[in-house]
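Taken in sequence, the protein lines are chains W and V.
According to this note's numbering, the residues represented by the first sequence are 3 to 278, in order.
According to this note's numbering, the residues represented by the second sequence are 888 to 1232, in order.
For reference, the structure discussed in these notes is given below.
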Amino acid sequence: MKKLALFAIIVLIFGTVSPSLANQAYGQNDPSILLRIAIQADKQIVNQLDKKYENEIPNNINILYEKGHRAVESLDQSLSNNDIEKAKQDFLSAMNSFMQISRIISQSSEKVIVVNVSQKSNQTLESKLDRLEKYVKTLESISQKHKINQNDDNFTTAYSLIQDIRNQIKNDEDSSKNLNELQDLIKSIKNKIRDSIAEKQSNAVKNFFEKFLVQIDQKLIQAKDLGRDQIEIDKANELIFEIRELLSKNQINDAKKVYSELKVVLKNIGISVKIT
Amino acid sequence: MTLLIEPIQSKTSLGEEGILFVRNDSIFDTMVKVPLLVASMIIVAALLPIQSSFSSPRDLDLIIYPDGTTHVSAEIDVDPFLTDYEVNLFGSTIDNLVVIGDDGFLLDVDVIYDTALIQTFGSSEITIEYDIHDLVSKQGRLWTFSLDSPSDFTLLLPKNSAIVGMTNLPLNMEIINEQNQLTLSSGSTEIDYFFSTNSISNPDEEIKNEEDNSLNTIIAGIVGGIIAIVLTSIVIIGRKNQKTVEEIDEKITKEDVIVETNNILDLETIFKLKPDLREDDKELVKFIFDNNGEVLESELRKNFLQPRTTMWRAVKRLEREGVIEIEKKDLQNLVKLRKNMEEDN
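Below is the structure:
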């Protein structure tokens, strides 16, 4: 029995410590990625320096670049020697130097760069459309999960609008009308989902409230015994009664609103809203 | 000489003969408390994961779009005995927020500045998705992603972006649809990136390309060699048919050409004239000399595997010494050994 207990202790200690060990091990699963990132950064910095300064690189940048490049070489060496700790230091050193250079370049080039406004806004619009498409897909998966029939197949319309807008962006045409239409459609899809699953969701919320309010009742009795503010306790009981009334009428949203008021009152009494 | 301070363990646990002696009865006393210890450890072990899971997202994935807006997707374990759950968003300018609870229910959320109060009503697991404009800033052409994350997370960078700086060690990196996806640890992270016209290259592919290129070079070399042999044969046959006088003339002209190209000094003379040249600079001079006295700076870099700035400084040094001169050729630097170097001395 005692041996068993000791074994249990060892198992528990290992079980507590092992997640942190696993995490550290994960960080070191492929140190070569550090070299890949550092080499990419090195090349990119050289390109940027070449574009910006050609051969007239300011001395401070030159020193930083030399430092960064040396760190990349050292990183390569450290990885060859399987010295992971040194490799990590080299990586951070290289990336820090390249970061400083890129910031110096961007600060000094800010005034010079001419931004192509049309191109920029198109890119922003395209990204916005990508995000809206992702949003539509999320709503579609919820809709499918709950087998909700959307009016006139809203999702087909949404995807068709997205394609139209993409074409308009490509042809440099005004897409604002279609974009507004898409956004309205997304709102309508969302509302439709809410309405369709309201009943199911209501049942879940009702079940939760039933358990919850029983707990609150008990806590209010305890609070009364402890001599807490009677006015507040009475107010809480009234609100609980009101919530139960609303739940019986299936007015879930109203019940939630009253619950918000109840939370404040419970806090005043000194009752935690968490049930156990 | 006796020790003034003797360790307690050595007093109690060592016998007369210096043998390790352990008192069994004290162990038995301790063992009585073992069940209590085990019970408390079970409680601690059971509570630890719950505490950590409620305080931070179980899964956190971020996608940066080309315009800098970031899509956040987080899965969080919540206490099913709570009516609501407060989540700190990563900023205040957000769009397309959707929170899904157990069974795929859309949950109601009140967003106040950068905090979302989610009405969970018994959900034990929630998924939050939103787009945020606060995580990426831009200065000039440089984009900077900054985040203080409560947990490890993945970050998908936009296409054609190239990382030029980061403050954290990545846990992993993958390339997904020509986009870099980093796995990063919790805590403060800053990543700088540029948009590059060159697509992001996978070093493995690069190595493969280099291998392909070298193979192509070999094939081209073989074909070129055959052509050169054929041409040389034709020239030799042609020459045999030419008159002797012409041969003499040609020889004279050829010698003139050699004299012309070798108008530059030989290596020994150069090194005698410039005794203070650094050894690595001498290697450069030798390489230029072996290439008929002129070479592109890029070829020097390639041959000596030096970074651009290092080579540029070396070339400038040789120019200051008067050993070489730099000319522009097709937007590149052509490095030439100077003729008449003796006149300077």
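Just so it is clear, CB atoms sit at the ideal spot from N, CA and C, and this is done for glycine as well.
Check the Cβ of residue i against every Cβ in chain B and list those closer than 9 Å, keeping chain order.
i: V/Ile-1157; result: Judged by its chain identifiers, the structure shown contains no chain B, and its protein chains are W and V.
Output yes if chain V places a C-beta closer than 8 Å to the C-beta of residue i; else output no.
i: W/Arg-230; result: no
i: W/Tyr-261; result: yes
i: W/Val-48; result: yes
i: W/Leu-94; result: yes
i: W/Ala-27; result: Its pLDDT being 40, under 50, W/Ala-27 is placed unreliably by the model, and the measurement read from it follows with that caveat. Judged by the 8 Å Cβ criterion, W/Ala-27 is not in contact with chain V.
i: W/Arg-133; result: yes
i: W/Ser-198; result: no
i: W/Ala-225; result: no
i: W/Phe-243; result: no
i: W/Lys-258; result: yes
i: W/Arg-105; result: yes
i: W/Ile-273; result: no
i: W/Lys-136; result: yes
i: W/Gln-253; result: no
Using 7 Å as the cut-off, classify the Cβ of residue i as near or not near the heavy atoms of the ligand MN, replying yes or no.
i: W/Leu-37; result: In terms of ligand content, the structure shown is empty, and the ligand MN therefore cannot be addressed.
Near residue i, which residues of its chain fall below 6 Å by C-beta distance, leaving aside the five closest residues on each side in sequence?
i: V/Ile-1234; result: Within the shown structure, residues of chain V are numbered from 888 to 1232, placing residue 1234 of chain V beyond reach of any answer.
i: V/Leu-1004; result: Asp-971, Glu-973, Asp-997
i: W/Leu-184; result: Leu-163
i: V/Lys-1130; result: Unreliable placement is indicated for V/Lys-1130, whose pLDDT of 46 sits below 50; the coordinate value is still reported in the next sentence. Result list for V/Lys-1130: empty, nothing under 6 Å.
i: V/Asp-1035; result: Ser-1075
i: W/Phe-100; result: Ala-43, Ile-47, Gly-70
i: W/Glu-135; result: Ile-164
i: V/Pro-967; result: Gly-1009, Ser-1011
When you compare only the Cα positions, how much space is there between residue i and residue j?
i: V/Arg-1225; j: W/Leu-94; result: 43 Å
i: W/Asn-173; j: V/Lys-1169; result: 59 Å
i: W/Phe-157; j: W/Ile-254; result: 28 Å
i: V/Glu-1181; j: V/Asp-1153; result: 14 Å
i: W/Ser-110; j: W/Lys-149; result: 56 Å
i: V/Gln-1068; j: V/Asn-1179; result: 48 Å
i: W/Ile-86; j: W/Ile-35; result: 12 Å
i: W/Leu-181; j: W/Ile-167; result: 7 Å
i: W/Ser-198; j: V/Gly-991; result: 12 Å
i: V/Glu-1166; j: V/Glu-1214; result: 24 Å
i: W/Leu-127; j: V/Thr-956; result: 11 Å
i: V/Phe-1081; j: V/Thr-1031; result: 9 Å
i: V/Gln-1219; j: W/Lys-54; result: 15 Å
i: W/Phe-243; j: W/Ser-129; result: 50 Å
i: W/Phe-210; j: W/Lys-251; result: 16 Å
i: W/Asn-64; j: W/Leu-131; result: 42 Å
i: W/Val-117; j: V/Gln-1026; result: Residue placement at W/Val-117 is poorly supported in this model, since its pLDDT is 42, which falls under 50; the coordinates are not used for a value here.
i: W/Asp-52; j: W/Leu-187; result: 49 Å
i: W/Ser-178; j: W/Val-138; result: 18 Å
i: W/Lys-258; j: W/Ile-245; result: 8 Å
Determine the burial state of residue i: buried for a count of at least 16 other Cβ atoms within 10 Å of its Cβ, exposed for fewer.
i: V/Pro-1234; result: For residue 1234 of chain V there is no data in the structure shown, the boundaries of chain V being 888 and 1232.
i: V/Leu-1118; result: exposed
i: W/Leu-163; result: buried
i: V/Asn-1055; result: buried
i: W/Ile-233; result: exposed
i: V/Val-832; result: Summary: the structure shown does not reach residue 832 of chain V, with chain V confined to residues 888 through 1232, and so no result is reported for it.
i: V/Asn-1064; result: exposed
i: W/Arg-196; result: exposed
i: V/Val-1210; result: buried
i: W/Ser-145; result: buried
i: W/Arg-133; result: buried
i: V/Glu-1155; result: exposed
i: V/Asp-954; result: buried
So, at 7 Å on beta carbons, what are the nonlocal neighbours of residue i in its own chain, with the 5 sequence-adjacent residues on each side left out?
i: V/Arg-1188; result: Arg-1195, Met-1198
i: W/Ala-40; result: Val-74, Leu-77, Phe-93, Ala-96, Met-97
i: V/Leu-969; result: Thr-1007
Does residue i come within less than 8 Å of chain W when only Cβ atoms are used?
i: V/Ala-961; result: no
i: V/Glu-1016; result: yes
i: V/Gln-1006; result: yes
i: V/Tyr-1000; result: no
i: V/Thr-980; result: no
i: V/Phe-977; result: no
i: V/Ile-1114; result: no
i: V/Gln-1026; result: yes
i: V/Pro-944; result: no
i: V/Ile-937; result: Summary for V/Ile-937: the model assigns pLDDT 44, below 50, so the residue's position carries little reliability; its value from the coordinates is reported in the next sentence. V/Ile-937 does not count as touching chain W.
Once you ignore the five residues that flank residue i on each side, which residues in its own chain have a CB closer than 8 Å to its CB?
i: V/Thr-1002; result: Glu-973, Val-974, Asn-975, Leu-976
Residues of the stretch 204-222 of chain W with Cβ closer than 8 Å to any Cβ of chain V, in chain order: From the stretch 204-222 of chain W, only Ala-206, Val-207, Asn-209, Phe-210, Phe-211, Phe-214 have a Cβ closer than 8 Å to chain V.
Which residues of the stretch 148-169 of chain W have a Cβ closer than 9 Å to any Cβ of chain V? Give them in chain order. For the stretch 148-169 of chain W, which is checked against every Cβ of chain V, the residues closer than 9 Å are His-148.
Proximal residues, the stretch 1033-1055 of chain V versus chain W, C-beta separation under 7 Å: The residues in question are Ala-1049, Ile-1050, Val-1051, Gly-1052, Met-1053.
Going along the chain, which residues of the stretch 61-75 of chain W sit with their C-beta nearer than 7 Å to a C-beta in chain V? Correct list: Asn-64, Tyr-67, Glu-68, His-71.
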